[in-house]
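Chains as they are written, first to last, in my numbering: chain A, 1 to 328; chain B, 329 to 656.
A virtual CB, placed ideally from N, CA and C, is assigned to each residue, including glycine.
Note that the structure is a prediction, hence the values are computed from the model and not measured.
Input: a single structure, listed below in structure tokens.
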């Protein structure tokens, strides 16, 4: 009975969220973070209404001005009458869970605009947590009817790159005058770029950066199996000075061109995102079960810690207990 | 019978690795990466011989010169007669799996030294893969009898921070003259620092950086539950010019002081690492099972992708199939 009234409440919340209730949407996202049963039921109801938003991933080096680029893109899309949701993943403290305040404050100019919805996500420290939460928040924003959802993340770190890799169009933001080691990392994330933005392009060295990027793009080698979604055409390089809004219309146009040119791949991208969402849900549930198992077997954990037994055999043993003989 | 001969081979390999056979050690690490059954059996045998190495985590901003600091520390410890193993985690491409060549080349000066063993680990793209592999490689180096194991990783990204957070002494390397956003990230990783190194301290702005760090340290707030291992004493700030070896003896001395001051916490750290190793082994095995499940149920995945069913209900359904009613 409690179960069925929970279902009813979930259905009501889902309906309001689908109707665009921002306050309930924000609350749902908070509840998802706390993994409440109610929030999970709501998500179940929202799923059929997802898969419509256009996802833009924005990544790049720390200091490249990603937030300012995102901020300007929001303003641009709003003028075009589009509703924009943003998920910003903070690479800041895993301990305090704190956000980079400056970034958030900068985005506050959209705070009173009902057509903009920004959520920061601090990394939570549990394996797979990052991508799981991101996928769920994107699903909520998608169901809420935002035309465009922007995922902003720093371009270093496996989890962070994974999160952005499934967007429809991936924008990598870079900046003139970074050191060598940073350039090397940039070379790493270059491979996921559909559009490149050279921000702070009024700085000295911008021409050189564009030339370097062109060279790197020529050398770029993408295995089709690794990026089935690689743009067939050239990757465009757009110069921006996001803080003054310069080059943002051009950036948006390049994103639109990529969207158009890869329209035939959009269904495949949506399918991969759905598969990923399923996998993340499974892994998230497994992590809960594993943590439960570990607290139930403090004795075994203790013996591993004393080096009396090894963690690999114990893990097999615990899984055998958990699984119905599925080869574990 | 095949099983028992595999066990025999594993025992032989384990014995040679314990005796310090570098070639077999290198091969074991490669095999672990490929998740071969033999490698896992060897690891099982090595476990009782782990927990002796002193683990130093080195992290910091891209461009701070972490590799050079590590390189100089290796040289320092070698002169002191200690054997040093290094696990370097590359934040480079998740797609190509490529390494930052420069870093590796720089470390080649130790290539002929049997007392130094360096392994690069490219991120593999599967959830939890990063920390799982790192823990296993550390276990191998530990069992091989390296006195000191250094884990070097870029200080951005949840997985990367997690990996370094369990070291005995965490060194955060920074550098004068980074931009604002980068400083903010530094504030994030500052919380895990036991010792701070200001590298390239001959650069303009070094005094200012030290002052800023002192201020940040004063403001630093650590929840005991989040960092049970926080140093009771002040965090030392050491100036280095690693490329010339300057300040490295001082850095090593600060690390030694931290080791000494927190000696009573070392057992707790080892215990947490062992628990983490067990959890990672469990999650790694779960990920294998989940992937198997997903390929067996292409039909369900397809229905999720078509939005006919939602991933959250399907995940419960699949887990019920997998688990023996453990609440799934």
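- The beta carbon of residue 633(B) falls within 8 Å of a beta carbon belonging to chain A, placing the residue at that interface.
- For residue 284(A), the secondary structure class from DSSP, reduced to helix, strand or coil, is helix.
- Rounded to the nearest angstrom, the Cβ distance from residue 412(B) to residue 444(B) is 5 Å, consistent with a contact under 8 Å.
- Our two residues, residue 78(A) and residue 150(A), have alpha carbons roughly 13 Å apart in a direct line.
- Residue 121(A) is bridged by DSSP to 89(A).
- Each of 138(A), 15(A) and 54(A) was checked against the Cα of residue 33(A), and the nearest Cα belongs to 138(A).
- Using a CB distance cut-off of 8 Å, residue 204(A) does not count as an interface residue toward chain B.
- Collapsing the DSSP output to three states places residue 164(A) in a helix.
- Residue 521(B) counts as buried, since no fewer than 16 other beta carbons sit within 10 angstroms of its beta carbon.
- Between residue 370(B) and residue 345(B) the beta-carbon gap is near 7 Å, inside 8 Å, which marks them as a contact.
- For the region 33-47 of chain A, residues whose beta-carbon sits nearer than 7 Å to a beta-carbon of chain B comprise 40, 43, 44 and 47.
- Take the alpha-carbon of residue 570(B) and the one of residue 400(B): they are about 6 Å apart.
- For residue 394(B), the enclosing alpha helix (DSSP H) covers residues 394-407.
- Residue pairing of residue 497(B) in beta bridges, as defined by DSSP: 384(B).
- If you draw a straight line from the Cα of residue 394(B) to the Cα of residue 618(B), it comes to about 37 Å.
- Classified as exposed, residue 114(A) has fewer than 16 neighbouring CB atoms from the shown chains inside 10 Å of its CB.
- With respect to the 8 Å criterion, residue 496(B) and residue 384(B) are classified as neighbours on the basis of their beta carbons.
- For residue 220(A), same chain residues with a beta-carbon under 7 Å away, outside a window of 5 residues either side, are 190 and 191 in chain order.
- Judged by DSSP secondary structure, residue 593(B) falls outside any alpha helix (DSSP H); it is assigned neither H nor E.
- Look at residue 539(B): its C-beta is not under 8 Å from any C-beta on chain A.
- Within chain B, no residue has its beta carbon less than 9 Å from that of residue 120(A); the closest one is some 13 Å off.
- Annotated three-state conformation of residue 525(B) is strand, per DSSP.
- Segment contact: the region 333-340 of chain B against the region 264-280 of chain A, fewer than three CB-CB distances shorter than 8 Å; contact not assigned.
- In the DSSP annotation of this structure, the continuous segment of the alpha helix (DSSP H) that includes residue 536(B) starts and ends at 534-547.
- With three or more CB-CB distances shorter than 8 Å, the region 141-149 of chain A counts as touching the region 45-54 of chain A.
- Under the three-state reduction of DSSP, residue 520(B) is assigned to coil, being neither helix nor strand.
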